[in-house]
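Just so you know, the protein sequences line up as chains G and H, in that order. If you count the first sequence from 1, position 362 lands on 362 in my numbering, and the numbers rise without skipping. If you count the second sequence from 1, position 491 lands on 491 in my numbering, and the numbers rise without skipping. Backbone N, C-alpha and C define an ideal beta-carbon position, used for all residues, glycine too.
2 protein chains.
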Amino acid sequence: MSNSGPILNFEGIKKVKGIKGKDILNIAVNENIYISSICAGRGSCAKCRVIIKKGEENLSPLTNLEKTYLSKEELEQGYRLACYTKVIGDGEILIYIPPESRAEPQKMLISGIQVKVKLNPVVKKYFLKLPKATLEDMRQDWERICDVIKENYGLKDLSISYEALINLPNVIRESQWCITVVVRDNKEVLWIEKGDTTARLFGFAIDVGTTKLAGYLVDLNTGEVLASTSYPNPQATYGGDVASRVAFAMKDQKNLSLLNKLVIDATNEMIMELCEKAKVKPEEIYEISVAGNTAMHHIYFGINPKYIGLSPYLPTIGQGISIKAKELGIKVNKEAYTYGLPNIAGFVGADAVADILASGIHKSDELSLLIDIGTNTEIVLGNKDRLVSCSTPAGPAIEGGHIKYGMRAEIGAIEHVWIDPETHEAGYKVIGDVKPRGICGSAIIDTVAHLYKANIIDSNGTFRSNLNSKRIKRDTANTEYVIAWADETAINRDITFTAKDVREIQLVKAAIRTGVNAVMDYMKVTPKDIKRLYLAGGFGTYVDPQSARTIGMYPDIPLERVRFVGNAAGAGAKAALISKEIREEAEEVRKKIEYLELSIYPKFLEIFMKATYLPFKEDLGFPI
Amino acid sequence: MSNSGPILNFEGIKKVKGIKGKDILNIAVNENIYISSICAGRGSCAKCRVIIKKGEENLSPLTNLEKTYLSKEELEQGYRLACYTKVIGDGEILIYIPPESRAEPQKMLISGIQVKVKLNPVVKKYFLKLPKATLEDMRQDWERICDVIKENYGLKDLSISYEALINLPNVIRESQWCITVVVRDNKEVLWIEKGDTTARLFGFAIDVGTTKLAGYLVDLNTGEVLASTSYPNPQATYGGDVASRVAFAMKDQKNLSLLNKLVIDATNEMIMELCEKAKVKPEEIYEISVAGNTAMHHIYFGINPKYIGLSPYLPTIGQGISIKAKELGIKVNKEAYTYGLPNIAGFVGADAVADILASGIHKSDELSLLIDIGTNTEIVLGNKDRLVSCSTPAGPAIEGGHIKYGMRAEIGAIEHVWIDPETHEAGYKVIGDVKPRGICGSAIIDTVAHLYKANIIDSNGTFRSNLNSKRIKRDTANTEYVIAWADETAINRDITFTAKDVREIQLVKAAIRTGVNAVMDYMKVTPKDIKRLYLAGGFGTYVDPQSARTIGMYPDIPLERVRFVGNAAGAGAKAALISKEIREEAEEVRKKIEYLELSIYPKFLEIFMKATYLPFKEDLGFPI
Ligand code: FES
Ligand code: FES
């Protein structure tokens, strides 16, 4: 390790070289040092807490958001959020990762920053010194450029964008015949600039989530994310989940236009914000890459998602598309393209393609199962020879919907629950270490798993009637288990989990398990054949895999085979922005993968019925 | 000949089969029956006079413009203008071509309608019956289309335009899965329509002349021109000729935008007019083709023509370009392209490429010389092995500019002049057979030739002082020859030709002859090697080749080797609209042709000096 430059000493773990401008989370992840993170460094989960013991002068100053997320005492103790804290100076920084921030070993967060991608963006810049036009060398402007670019860089048969063409005569002469051309895909000259601007080449990647937009400004010369931001998806007002959003868009062409405009406007705002942050001009952005589920993709590109919502649930286009950003109203370089990652099916979108790329199952010899858990859950089974996918509407319970005290995974949500099988007493952990307001998806799964393991509910999901615990409250309408007593909570009410909540989760897990078993049945494999289980998506990343297995969400697969894929859509969008090969890989995955429509799968109902049991009808011998 | 359908009996010439909807001029030209025409059937020259002796009930009714162009007596005698008169009914029509309308044999008008082009437009329509989407056949909309079009028509790797994509899901379902796709260049699906619309496929060709725009609405299924129109080029207000137009555009980006807007607006008006006439919707036009000189081309596409006007006089782009019509503001199908024919050099444009294609010299074994005479004159020498071009600014005299009684070739212009060498008396012929108002280019050349042949001027262009004729008026300032006496004219003044006028024409012909001799010198050929001389362009079509040779505009080439190429730009635009092969040929011509810059040609001044003499310094033995 060189002596100059910043050093990050992760106390008790290892010393690593720091990189100025990068945040601690980013550096740690790249060094395989785990720090808790749910939002993958987007600054919204407040989980990446670290304590700076020395060298704070080499770090970016405390931000207002950190002041909000961290308590006074914590701030005094030197707490920072790792993803907000950038290395800015040379010298050693001593960082302590407190126990609450140590990622549990099985939670291998594979977020975008960890996927290694060979830098090879679809747009490139070339500096050209043109021979000056004279009466002895009367090549036309464009021919002159073509000749030099062919000679110096071997590029042939280029076309030129309209805006570049009309600017061409002035640009080459005002720059004394020294120009930089921006070439896309070795085919089209998008833009021509005066002088040597090769150092400045930028792209924008966006993960269009149903509830959240995450945007990344990327330096295409280095692949570095220069700035990132996340916005709520402004479409949420018109439908919180995909189905209601699609229903709204279907009603009227105007509704579609409205949803499209909202997300495009938000994109433009994000671009403005990031450009300002990183001192980049929007017109220096030459490529945009978009990943999201199929419905979000279609609305983003102004394609009616109507038929995704109607049987047979088809996307209009599956393959990756490149549309001029100006056609979409995105304000970047006038001739930049917007690339949409491919979709597999109406409910298996680019986000699932990104999961596959991130997990690498499409290149692996081992048979792997991938489950991206969400209100719509995508399931992929296969290896490098064959891939089968399906999707299943798991419903909103996974995000806290339809659950009495359910809430999203935000500050104040109970995120983990455990129940003592002897005493039936509960323990829990709250996001942000504040008083709880409710329980989020991961804790909901924990609760059902622990109620079952503690024998409080049976395999039908019914509360046993013979139990006597103050935690179990019964009235005529419902039975419920108290997770947190009123005085421990921020809402001054008992936070409970009801018999009805249990049934909701039984249906969710039945839906998911049906998909899993259907693809297994279709491919004629047993749990023993599955060498890897990838839990993917925002939810999959922080669900306790043991709890999920206990309730039978997936088959009997040893926990050491479980891996986590964070929310891969953002990583996919970034990877596709900086790598043509990733685009090709995505396209290959799309072409290769089979899609199984569950609703017409012959054994669908049979599997579903069995899957409602805890953990699974034929798996009662299953190790819990 | 079949008995049903219309028959056109050209009295004393031959009987031919008529085609309903076509005009008499068109039919005659296709049958090699010559009827006078300067405007190539655009309805502006009033030269295509014919007398209908029988069967007028089978013809379209007399138009208002014909009533303007023809006198009362003529109308009573059955005069019509052939290009206005369409065959509409069955039965025989007896047509007499009066002597004034019989094209002189050497005036082989090769207008667009005569160039035979294999029909193979760049856009084509395909009708597809798609298998309906079901849960058993879940191919995405676009994939489904690709599969069927590949299976039925062998087209692969198609892309889809943005507007077509966003309309796709609704169109295919609302049409019960029966659609027509519009494909460009076997590559891009431009548009998708409901049901079978293959019968309706249209294109628009425009010849962007410096003074006139000629537009043609073409049925791309048949290659037929459905309707045509011509407008004055509205840019003329800002500069009558190319040089002044370019000078205006150079001054300010706003000027360029203004000129561009004027021509685009006119294009839109033409399209509206023609569509209305032919009952075609503008959105059924899927391709536009544009030909014009390089400056007009650049302004049309919004490219600054500044550097065409400044040494080394370079176009920005030479190769044929395809730009979306919407980028230019042309209101046709939203995804249609506008194709611009290739340019060779700043002053050798697509109009010259069209000349070459029309003459066929690029495919001929014979060495041919082509001269497109105009205020800027293009010269091409060569054959299928080699082509050399140059251009020379001949000045406005050719269009009547800087000539005392000069005028454009319009009604009232003297178009031919002859002088009796004995009596020195003059005869002349006026366009429209009215009283003359002035003399146009062809008569100007005649006048100089006849003054020289009649020994009134010497080879220096000087009026001989020893002549005594009332036609020669001398005053202290000038000497002039009276072509028409005041009482014969519509202006009540003598129409004369002055010594200064002679000098103007000496300079014009010197410029042209310098170009001709430079390319001959460069290619090391003598007049004897030249097997064909093509006189091209609006002017070249009606100049008397003998007069032109007499003054030495071109070398001693026997008159039987002379051929005429009409204004080929319109024909070129139409041919490129209906034929991919023509576009390829044009591109090959562009790539192959050499351009000789006269101003730096070593012998330029030497040749020019000699060329000012009548007919040419070293050619005094030349047969006149
Ligand atoms: S990782 Fe820092 S706040 Fe989520
Ligand atoms: S040919 Fe008919 S008016 Fe010119």
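Can you find the residues in the same chain that come closer than 6 Å, C-beta to C-beta, to H:Tyr307, ignoring five residues on each side of it along the sequence?
Residue 307 of chain H sits at position 307 when you count from the first residue of the second sequence. For H:Tyr307, where only same-chain residues beyond five positions count, the Cβ hits under 6 Å are Leu314.
Going by DSSP in three states, G:Val222 sits in which element: helix, strand or coil?
The residue given as residue 222 of chain G occupies position 222 in the first sequence. Reading off the sequence shown, one finds Thr at residue 222 of chain G, where the question assumed Val. Here G:Thr222 sits in coil by DSSP.
Going by other Cβ atoms of all chains shown within 10 Å of its Cβ, with 16 needed for buried, is G:Pro602 buried or exposed?
The residue you call residue 602 of chain G lines up with position 602 of the first sequence. It counts as exposed.
Specify, as a first and last residue, the run of the beta strand (DSSP E) that G:Val502 falls within.
As a working mapping, residue 502 of chain G is identified with position 502 in the first sequence. Not the beta strand (DSSP E): G:Val502 falls in the alpha helix (DSSP H), residues Ala499 to Met523.
Helix, strand or coil at G:Pro6 according to DSSP, with G and I counted as helix
As a position in the first sequence, residue 6 of chain G is number 6, starting the count at 1. Residue state, collapsed to three classes: strand.
Output yes or no for whether 8 Å exceeds the beta carbon distance between G:Tyr339 and G:Ser442.
For the purposes of this step, residue 339 of chain G is taken as the residue at position 339 of the first sequence. For the purposes of this step, residue 442 of chain G is taken as the residue at position 442 of the first sequence. Not a contact, by the Cβ cut-off of 8 Å.
How long is the line joining the alpha carbons of G:Asp544 and G:Val448, rounded to whole angstroms?
Start at 1 with the first residue of the first sequence, and residue 544 of chain G comes out as number 544. Start at 1 with the first residue of the first sequence, and residue 448 of chain G comes out as number 448. When rounded, the distance between both Cα atoms is 12 Å.
Is the shortest distance between the beta-carbon of H:Pro61 and the beta-carbons of chain G less than 8 Å?
To locate residue 61 of chain H, count along the second sequence from 1; it is residue 61. For H:Pro61, the answer is no, since every Cβ of chain G falls outside 8 Å of its Cβ.
Would you please verify whether the beta carbon of G:Gly235 is less than 8 Å from any beta carbon of chain H?
Residue mapping note: residue 235 of chain G aligns to position 235 of the first sequence, counting from 1. Note on identity: in this sequence residue 235 of chain G is Gln, with Gly being the wrong assignment. It does not: the Cβ of G:Gln235 has no partner Cβ on chain H nearer than 8 Å.
Need the endpoints of the alpha helix (DSSP H) that H:Lys254 sits in, please.
Translated into positions along the second sequence, residue 254 of chain H becomes position 254. Note, H:Lys254: alpha helix (DSSP H), Gln253 to Ala278.
With contact counted as at least three CB pairs below 8 Å, one residue from each stretch, are the region 286-293 of chain H and the region 182-190 of chain H in contact?
yes
Integer Cβ distance of H:Met270 from H:Leu213, believed to fall under 8 Å:
Locating residue 270 of chain H in the second sequence gives position 270, counting from the first residue. Locating residue 213 of chain H in the second sequence gives position 213, counting from the first residue. At roughly 7 Å, the Cβ-Cβ gap stays under 8 Å, so H:Met270 and H:Leu213 are in contact.
Cβ-Cβ separation, G:Ile371 to G:Val516 (assumed contact under 8 Å), whole Å
As a first step, residue 516 of chain G must be located in the first sequence, where it is residue number 516. As a first step, residue 371 of chain G must be located in the first sequence, where it is residue number 371. About 7 Å separates the two Cβ atoms, so the contact holds.
Looking only at its chain, what residues have a beta carbon closer than 6 Å to the beta carbon of H:Ala611, apart from the 5 residues adjacent to it on each side?
Reading the second sequence from its first residue, position 611 is the one you call residue 611 of chain H. Taken in chain order, the residues that qualify are Ala510, Arg513 and Thr514.
Chain H within 8 Å of G:Leu168, Cβ atoms only
The sequence position of residue 168 of chain G within the first sequence is 168, counting from 1. Yes, its Cβ sits closer than 8 Å to a Cβ of chain H.
Roughly how far, in whole angstroms, is the beta-carbon of G:Ala586 from the beta-carbon of G:Gly320, given that I think they are within contact range, below 8 Å?
For the purposes of this step, residue 586 of chain G is identified with residue 586 of the first sequence, where counting begins at 1. For the purposes of this step, residue 320 of chain G is identified with residue 320 of the first sequence, where counting begins at 1. Going by Cβ atoms, the distance from G:Ala586 to G:Gly320 rounds to 6 Å, so yes, they are a contact pair.
Is H:Asp393 helix, strand or coil when you go by DSSP?
Working through the second sequence from its first residue, we reach residue 393 of chain H at position 393. Sequence inspection shows Pro at residue 393 of chain H; the Asp mentioned does not correspond to that position. Looking at H:Pro393 - three-state DSSP - the assignment turns out to be strand.
Is H:Trp177 helix, strand or coil by DSSP?
The sequence position of residue 177 of chain H within the second sequence is 177, counting from 1. H:Trp177 falls in the coil class under three-state DSSP.
Taking Cβ positions only, does G:Thr134 come closer than 8 Å to chain H?
In the first sequence, the residue the question calls residue 134 of chain G occupies position 134. Yes, G:Thr134 lies at the interface with chain H (some Cβ there is under 8 Å from its Cβ).
Can a CB atom of chain G be found closer than 8 Å to the CB of H:Thr338?
Taking the second sequence and counting its residues from 1, the one referred to as residue 338 of chain H is at position 338. No, its Cβ sits nowhere closer than 8 Å to a Cβ of chain G.
Taking G:Pro558 as the reference, which of G:Ile33, G:Ser465, G:Gln546 and G:Asp141 has the closest Cα?
One-based indexing of the first sequence puts residue 558 of chain G at position 558. The shortest C-alpha separation from G:Pro558 is found at G:Gln546.
In its own chain, which residues sit with a C-beta less than 7 Å from the C-beta of G:Asp241, not counting the 5 before and 5 after it?
The residue given as residue 241 of chain G occupies position 241 in the first sequence. The answer, listed in chain order, is Thr210, Thr375 and Pro396.
With DSSP as the reference, please indicate the residues paired to H:Pro232 in a beta bridge.
Residue mapping note: residue 232 of chain H aligns to position 232 of the second sequence, counting from 1. According to DSSP, which records beta bridges pairwise, H:Pro232 is partnered with H:Lys212.
Is DSSP giving H:Glu425 helix, strand or coil here?
Here residue 425 of chain H refers to the residue found at position 425 when the second sequence is read from its first residue. Of the three classes helix, strand and coil, the one that applies to H:Glu425 here is coil, per DSSP.
Is the distance from the Cβ of G:Ala266 to the Cβ of G:Leu217 below 8 Å?
Taking the first residue of the first sequence as position 1, residue 266 of chain G is located at position 266. Taking the first residue of the first sequence as position 1, residue 217 of chain G is located at position 217. No, they are not a contact pair.
Just the C-alpha distance for G:Ala358 and G:Gly89, rounded to the nearest angstrom, thanks.
Taking the first sequence and counting its residues from 1, one reaches residue 358 of chain G at position 358. Taking the first sequence and counting its residues from 1, one reaches residue 89 of chain G at position 89. Cα to Cα, G:Ala358 sits roughly 33 Å from G:Gly89.
In terms of residue numbering, what span does the beta strand (DSSP E) encompassing H:Val380 cover?
Residue numbering aside, residue 380 of chain H sits at position 380 when the second sequence is read from its first letter. Bounds of the beta strand (DSSP E) holding H:Val380 are Asn376 to Gly382.
Could you say which of G:Leu226, G:Lys124 and G:Ile145 lies nearest to G:Asn26 if we only look at CA atoms?
Taking the first sequence and counting its residues from 1, the one referred to as residue 26 of chain G is at position 26. Out of G:Leu226, G:Lys124 and G:Ile145, G:Leu226 has the C-alpha closest to the C-alpha of G:Asn26.
Quick one: which unbroken alpha helix (DSSP H) runs of 4-plus residues sit fully inside the region 54-86 of chain H? Chain order, please.
Entirely contained in the region 54-86 of chain H, the alpha helix (DSSP H) runs reaching 4 residues are, in chain order, 64-69 and 72-77.
Considering only the beta carbon of each residue, do G:Ala454 and G:His424 sit closer than 8 Å?
Taking the first sequence and counting its residues from 1, one reaches residue 454 of chain G at position 454. Taking the first sequence and counting its residues from 1, one reaches residue 424 of chain G at position 424. Yes, they are a contact pair.
Should G:Ala575 and G:Asp207 be called a contact, given that it needs their Cβ atoms to be closer than 8 Å?
Position 575 of the first sequence, counted from the first residue, corresponds to residue 575 of chain G. Position 207 of the first sequence, counted from the first residue, corresponds to residue 207 of chain G. The answer is no: Cβ separation not under 8 Å.
For G:Gln506, is the classification buried or exposed, using 16 other Cβ atoms within 10 angstroms of its Cβ as the cut-off for buried?
To locate residue 506 of chain G, count along the first sequence from 1; it is residue 506. Burial call: buried.
Is it right to say H:Ser71 is buried, meaning 16 or more other beta carbons lie within 10 angstroms of its own, or is it exposed?
Along the second sequence, read from residue 1 onward, the residue named residue 71 of chain H stands at position 71. With fewer than 16 other Cβ atoms inside 10 Å of its own Cβ, H:Ser71 counts as exposed.
Short of 8 Å Cβ to Cβ, which residues in the region 295-323 of chain H face chain G?
Phe301, Gly302, Ile303, Asn304, Lys306, Tyr307, Ser311, Pro312, Tyr313, Leu314, Pro315, Thr316, Ile317, Gly318, Gln319, Ile321 and Ile323
Exposed unless 16 or more other CB atoms sit within 10 angstroms - verdict on G:Gln253
Position 253 of the first sequence, counted from the start, is the residue given in the question as residue 253 of chain G. By the neighbour-count rule (16 or more Cβ atoms within 10 Å), G:Gln253 is not buried but exposed.
Alpha carbon to alpha carbon, what distance is there between H:Leu535 and H:Leu451?
Here residue 451 of chain H refers to the residue found at position 451 of the second sequence. Here residue 535 of chain H refers to the residue found at position 535 of the second sequence. Just so you know, the alpha carbons of H:Leu451 and H:Leu535 end up roughly 23 Å apart.
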